[in-house]
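Engineer:
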Amino acid sequence: MPLDIWLLFVPACFAINIYPGPNNMVALGNAARFGFGHAFVAALGRLPAFALMIALVAVGLGVVLSASETFFTALKWIGAAYLVWLGVKMVRAPVDIAALANAAAREPVGRLAGREFLVAATNPKAIVTFTAFFPQFLTPGGDYITQIALMGAAFIAFEAISIGVYAFAGGHVGRLAGTAARMRWVNRISGTALIGAGVLLALARRPETA
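When we follow the numbering used here, the leftmost residue of the sequence shown carries the number 16, and every step to the right adds one.
(1) A42 and A58 - do their beta-carbons sit closer together than 7 Å?
(2) For P26, does the three-state DSSP call read helix, strand or coil?
(3) Is DSSP giving Y34 helix, strand or coil here?
(4) Going by the CB atoms, is the gap between P139 and F87 shorter than 7 Å?
(5) Can the beta-carbon of V199 be found closer than 7 Å to that of A135?
(6) Sort I204, R203, V103, K91 by Cα distance to L218 and report the nearest one.
(7) Does D158 come out as helix, strand or coil in the three-state DSSP assignment?
(8) Should G125 be labelled buried (16 or more other beta-carbon atoms within 10 Å of its own) or exposed?
(9) Quick one: any contact between the region 149 to 167 and the region 91 to 108, if contact means 3 or more CB pairs under 8 Å?
(10) Beta-carbon within less than 8 Å of A225's beta-carbon, same chain only, minus the 5 sequence neighbours each way: which residues are those?
(11) I need the straight-line Cα distance from V201 to F173, nearest angstrom please.
(12) Which value, in whole angstroms, describes the spacing of the CA atoms of K104 and I20?
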């Protein structure tokens, strides 16, 4: 890919990565409750889901899935229900300041990573984004799969940076909370954000294809 194309792709791609979407809200909430390191490692669980979607786009299946009203609707409702469930769970989570130091040990990182994966995998807007976004930066005459792979690798790298940003912010919020009452409000705000994301996803419509 020519340098001028990369100079257009990089800022546009990072804007997508840093957007406060469902996965970033999950990472923010996890970091506030369990700390930066635990949340950062757990958030890496979303990357395989995105890598799979990018692979589907590379082999041409992304267009097929994005064009399917049934696929989009089914995945949309599954994803919306899951986000609302996570949000309610976070809002109702008990707060024990004395146990916060051991909270990470009580919530296995693998379980949190699995939630990150499911949030990413059940968001139909993600694969639609990949299908619509990447082709805009393809160089005519170039190898399609190679270009998609390069853009996909860049997306994954930027996603890791975004994870770090949200995990750092969430960890800072958690440290500032200090008391059980404040931490309870952190949980309520984070949970409400996830519930809101679920509602917005439920209201989302599949983009019309030309």
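Backbone N, C-alpha and C define an ideal beta-carbon position, used for all residues, glycine too.
Structural biologist: Taking the coordinates as given:
(1) On the sequence shown, position 43 is the one that residue 58 refers to. On the sequence shown, position 27 is the one that residue 42 refers to. Yes, the pair counts as a contact, with Cβ atoms nearer than the cut-off.
(2) On the sequence shown, residue 26 is found 11 positions in, with the first residue counted as 1. Secondary structure at P26: helix, using DSSP grouped into helix, strand and coil.
(3) As a first step, residue 34 must be located in the sequence shown, where it is residue number 19. Judged by DSSP in its simplified three-state form, Y34 adopts coil rather than helix or strand.
(4) As a working note, residue 87 is residue 72 in the sequence shown. As a working note, residue 139 is residue 124 in the sequence shown. Contact flag set, yes.
(5) Counting from 1 along the sequence shown, the entry for residue 199 is found at position 184. Counting from 1 along the sequence shown, the entry for residue 135 is found at position 120. Looking at the sequence provided, one finds Arg at residue 199 rather than Val. Against a cut-off of 7 Å, the Cβ pair of A135 and R199 comes out as no contact.
(6) Looking up residue 218 in the sequence shown gives position 203. Minimum Cα distance to L218 is reached at K91.
(7) If you number the sequence shown from 1, residue 158 lands on position 143. Note: D158 maps to coil in three-state DSSP.
(8) Counting from one through the sequence shown, the residue named residue 125 turns up at place 110. So G125 ends up on the exposed side.
(9) Contact fails between the region 149 to 167 and the region 91 to 108, because fewer than three Cβ pairs, one in each stretch, are under 8 Å apart.
(10) Numbered from its first residue, the sequence shown carries residue 225 at position 210. With a pLDDT of only 45 at A225, under 50, the local geometry of the prediction cannot be trusted, and no value is derived from it.
(11) Counting from 1 along the sequence shown, the entry for residue 201 is found at position 186. Counting from 1 along the sequence shown, the entry for residue 173 is found at position 158. Their Cα atoms are separated by approximately 27 Å.
(12) Here residue 104 refers to the residue found at position 89 when the sequence shown is read from its first residue. Here residue 20 refers to the residue found at position 5 when the sequence shown is read from its first residue. For the pair K104 and I20, the Cα-to-Cα distance works out to about 43 Å.
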